[in-house]
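To start, the structure itself, in structure tokens.
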Amino acid sequence: VTQYLADWRPYPFEVTQTRLEFDLAPRTTRVRSQIGFRRKDTGDLVLDGAGLKTLSLAIDGRSLDLGLIRADQEKLVIPAADLPESFTFEAEVEIDPEANTALEGLYLSGGIFCTQCEAEGFRHITWYPDRPDVMAPFHVTIRSDKPVLLSNGNPMSNTTKEAVWHDPWPKPAYLFALVAGDLVAISDSFTTMSGRKVALNVWVRPGDQDRAGYAMESLIRSMKWDEEAYGREYDLDVFNIVAVDDFNMGAMENKGLNIFNSKLVLASAETATDGDYERIEGVIGHEYFHNWTGNRITCRDWFQLCLKEGLTVFRDQQFTSDMRSAAVKRIHDVQTLRARQFREDAGPLAHPPCPDHYQEINNFYTATVYEKGAEVIGMLKRLVGEAGYRKALDLYFDRHDGQACTIEDWITVFEDATGRDLTRFKRWYTDAGTPRLSLSEEWRDGTLTLNFRQETVPTPGQPDKPPRVIPIALGLIGPNGDEVLPTTMLEMTWAEQSFRFDGLGARPVVSLLRGFSAPVTVSREITADEQALLLAHDTDPYARWQAGHDLALDALIARATGVTDGAEFRHAIGGLLADAESDPAFAALCLWLPGEEEIATTIATRGLTPDPDAIHAAREALARDIASAHEQALARLYDAMDNPGPYRPDAEGGARRSLRLACLGLLSRIDAGKRAGTLFGAASNMTERQGALECLIATGKDGDALVAFAQEFGSNRLVMDKWFMVQPLRTAPGLAVARARELAAPPDFDWKNPNRFRALIGGLTGNHAAFHAADGSGYGFVVDWLMRLDPVNPQTTARMCSAFETWTRYDAGRQAHARAALSRLAAMPGLSRNTAEMVTRILAGA
Ligand code: ARG
Ligand code: ZN
């Protein structure tokens with residue numbers, strides 16, 4: 003069944019108090035609930051429940067007929083006529099956490115009881131109005147033999163075998179959490195700006211404590227940052243984080259009790275890469291920041307998901323830029339947006355940040371809702387300025403604290419705070435698709451005229467695309483490299499619009515879309531020399547990187563489509579290497595060639611059919627050329643970027659290591675893996691270890707290294723996930739499917755663990771030319787595994803279907819293989835609603 007935004011109605015009751023009592027047992031957990039209701043409007047009492055064994059139901063102590071349960075609809079409907087104005091609803095149900103392999107509701111992960119309730123998991127725990135606009139204080143009693151018993155809010159009492167928790171802040175059921183297990187904490191405290199002392203704990207399995215320190219440091223930095231940047235203070239006596247090994251997503255912001263995928267908590271120099279550390283800091287921040295943007299102010303309904311997610315991603319991006327390098331962070335974010343969101347926007351799964359219908363909400367935790375949602379806020383901020391943004395956010399927290407809100411409320415806050423009319427801007431929330439911005443230039447008598455055009459191609463269900471408001475930040479760079487116009491913000495509101503700059507001495511080069519001021523694709527006429535000029539002299543780090551990136555992309559596409567080229571890029575790299583030590587992070591970003599997926603996307607956007615094998619060959623050839631042309635400079639830099647002294651997971655060290663590995667990647671193409679072999683043996687941190695291993699796999703010189711790696715880390719699940727991921731990802735395309743098949747053999751491939759499944763299957767889908775193998779073997783292998791996982795874990799299966807979202811851009815032969823594989827999946831008896839929705843939408847793209 004499809005849910006529509008237009009059908010949303012207020013819930014006719016208020017919940018005054020929710021009391022829950024858990025008697026935990028792996029196969030037979032008892033849940034008793036007492037829920038206070040007060041009528042607000044006419045209507046029956048409708049509660050959600052799924053897979054519950056209901057033992058009893060009562061209203062004010064009078065038992066109810068279990069026949070009121072409509073199991074097929076997962077609803078319990080109590081007629082309005084049987085209900086007083088205020089009453090207490092009681093239920094006793096039994097659930098089976100051990101059988102819960104979907105990891106939604108209450109489940110067991112390695113013997114630890116834990117929960118995941120967003121979006122609609124609470125209905126798997128007991129009968130409840132499981133919708134985000136119904137908020138209540140929770141009072142929770144947990145009885146269990148497990149030593150540590152946690153829930154939301156503040157601890158009330160804690161004796162052996164029983165703990166009582168009270169959460170005074172009204173919250174929707176999706177923020178409920180419970181954890182019970184044999185856990186140990188590393189503990190610290192934080193004193194908030196108004197002097198409240200908060201106890202902080204990061205709970206992990208015994209033995210993992212020495213890898214939890216960075217998560218704690220990140221939490222403390224997050225709490226401090228939210229006070230300084232947004233004036234937001236924490237509001238309970240305790241803040242608990244728990245790491246579990248089995249988790250469908252990254253982490254969850256349950257009030258006062260964040261639950262994390264252990265890969266986003268545990269880190270040590272030996273086991274985690276610089277990238278892992280950065281993600282841990284970012285996600286710890288993200289979940290913490292949800293306390294205000296998500297929990298104190300939540301969403302009225304799930305169509306508004308991006309109200310909390312877009313804003314919280316935007317906030318975690320700001321946090322990371324403040325903690326590390328703002329330039330590098332922005333470039334990383336643009337790379338992710340392009341790789342994941344642009345591709346989503348261009349295919350059959352395209353949807354706006356604020357969708358107006360869905361079948362399964364869990365399928366909408368997407369790059370569009372999260373990352374594009376964050377970009378839209380970035381544009382708002384650019385339009386209203388720093389002070390306007392701050393004013394609007396203060397008003398938002400002031401006006402809506404304690405409420406369940408809509409995107410409409412959010413926009414209104416900006417209008418009220420700044421006096422701007424944002425009616426047209428709102429289209430960014432409701433319209434899908436990435437606008438294409440074209441620029442043509444005219445130059446006469448010292449006047450430069452920029453003619454812009456915008457166009458968005460139709461997306462599923464949205465044939466017409468009116469123009470959007472596009473903030474275009476630009477600067478002008480003179481022919482000798484001087485900046486003749488600093489960053490200026492143009493506001494494009496029409497389909498076509500021109501802007502003039504006069505009094506210019508010589509014709510400058512436009513540094514366009516500085517800071518990536520809007521999530522659009524750009525088409526413009528620019529020569530390789532002009533791109534090289536920007537790469538050498540642009541003052542905006544993003545635009546400077548983009549110029550080099552475009553130069554590389556053009557060189558790659560020329561090769562992949564039969565023209566041998568790339569001289570300008572090779573030459574530009576020379577200049578870059580000479581100066582690389584002054585900004586290693588930037589040099590590293592430029593040295594990583596655009597990935598095969600991005601090359602394919604760009605070719606498809608230009609109306610051509612990408613050939614995965616040709617793309618792979620072109621990228622390898624260009625890398626080899628660069629390596630041969632600059633061997634000495636690369637080798638010198640590789641040695642210079644050595645990191646003596648103890649490992650520190652900060653931006654400076656990370657920059658040196660990323661430049662070192664970028665050099666290694668290129669050099670490996672011509673030194674037969676010699677340096678990579680040495681580094682693999684000598685490195686004392688996982689960043690260099692994994693980097694070297696990836697080079698060895700790509701060169702086919704990996705045998706000993708893989709054995710050594712497995713011997714050293716065999717007992718560490720998170721590190722072994724890397725081992726499972728890098729092999730299908732980096733193996734030469736012609737061999738990768740066979741290798742994935744070998745790796746998938748029992749017993750080490752614990753496929754019911756989402757991290758392990760994503761490592762191996764996701765590793766292969768990330769190997770562009772292997773997944774899109776002309777014989778269809780990649781598609782077939784992946785679908786075999788999706789069919790196996792779906793009955794066990796529909797959420798993770800459905801998410802991984804998006805690997806197929808680009809299938810219609812390839813040639814007829816590949817399309818036929820993809821269609822056959824997808825049809826096989828679609829036809830599987832008992833296919834989950836999650837996966838069925840994804841496959842139907844993807845197949846409809848043809
Ligand atoms: N709200 C969480 C976050 O962004 C994501 C959890 C979503 N989980 C799910 N099963 N849909 O941090
Ligand atoms: Zn979030």
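Here the UniProt record's numbering is used: the first residue of the sequence shown is 3, the next is one more, and so on.
Every residue, glycine too, gets a C-beta built ideally from N, C-alpha and C.
Do you know whose CA, among I188, I413 and G390, lies nearest D212's CA?
I188
If you pair each beta-carbon of the region 114-133 with each one of the region 385-402, do three or more pairs fall below 8 Å?
no
Where the alpha helix (DSSP H) through G107 begins and ends
Where G107 is concerned, there is no enclosing alpha helix (DSSP H), although the beta strand (DSSP E) it sits in stretches over G107 to S111.
Please say whether E690 and R732 have beta carbons closer to each other than 7 Å?
no
Residues that DSSP places opposite P473 in a beta bridge
E493
Excluding sequence positions up to five away, which residues of its chain have a Cβ less than 7 Å from the Cβ of L307?
C301, F366 and V371
From the DSSP secondary-structure annotation, give me the bridge partner or partners of G215.
For G215, which the question treats as bridged, DSSP gives no partner whatsoever.
Could you tell me the alpha carbon to alpha carbon distance between R626 and E633, rounded to whole angstroms?
10 Å
Smallest Cα separation from P596: which of K393, A664 and D324?
A664
From the DSSP output, which residues share a beta bridge with R34?
E23 and E94
Taking the alpha-carbon of E346 as reference, which of L833, Y398, T810 and T103 has the nearest alpha-carbon?
T810
Span separating the alpha-carbon of A746 from that of F344
31 Å
For H359, I'd like the list of residues in its chain whose CB is within less than 6 Å of its CB, leaving aside the five on either flank, ordered along the chain.
T4 and Y6
Return the chain-ordered ranges of every alpha helix (DSSP H) run that is complete within the region 609-665 and spans a minimum of 4 residues.
614-631 and 633-642
C-beta contact flag for L177 and S191 at 7 Å
no
Is the beta carbon of F783 sitting closer than 7 Å to the one on V739?
yes
Selected residue, minimal CA-CA separation from G576, among A534, Y544, E714 and A369:
A534
From the DSSP secondary-structure annotation, give me the bridge partner or partners of K199.
T193
Using a Cβ-Cβ cut-off of 7 Å (strictly less than) and excluding sequence neighbours within five positions of F305, which residues of its own chain qualify?
L7, C356, P357 and D358
With hydrogens ignored, establish whether the beta-carbon of A175 is closer than 6 Å to any heavy atom of the ligand ARG.
no
If distances are taken between C-alpha atoms only, which option among L180, Q499, P462 and K163 comes closest to D169?
L180
Closest residue to L49 among D792, R64, A73 and A775 (Cα-Cα distance):
A73
Rounded separation between G705 and A712 - CA only:
11 Å
Give me the residue from K724, M325, G550 and L610 with the minimum Cα distance to A590.
G550
Classify Q319 as buried or exposed, calling it buried when 16 or more other Cβ atoms lie within 10 Å of its own Cβ.
buried
Following a CB-centred definition, is A245 positioned closer than 6 Å to any heavy atom of the ligand ARG?
no
Counting along the chain, where does the beta strand (DSSP E) carrying K724 start and finish?
No beta strand (DSSP E) contains K724, which is instead part of the alpha helix (DSSP H) from R719 to R732.
Taking DSSP's pairing of strands, which residues face Q5 in a bridge?
Y360
Cβ-heavy atom distance, A52 to the ligand ARG, below 6 Å
no
Report yes if the C-beta of T194 is less than 6 Å from at least one heavy atom of the ligand ZN; otherwise report no.
no
How big is the Cα-Cα spacing for R32 and G183?
17 Å
Close Cβ partners of D247 (< 7 Å) along its chain, the five nearest in sequence each way excluded
S111, G112, S264, R719 and N755
Would you decide whether N160 is buried or exposed? Buried here means 16 or more other CB atoms lie within 10 Å of its CB.
exposed
How long is the line joining the alpha carbons of L791 and V200, rounded to whole angstroms?
41 Å
Kindly provide the ranges of any alpha helix (DSSP H) runs that are 4 or more residues long and lie completely inside the region 796-847, ordered along the chain.
796-802, 814-828 and 835-845
Hey, how far is the Cα of P86 from the Cα of V142?
26 Å
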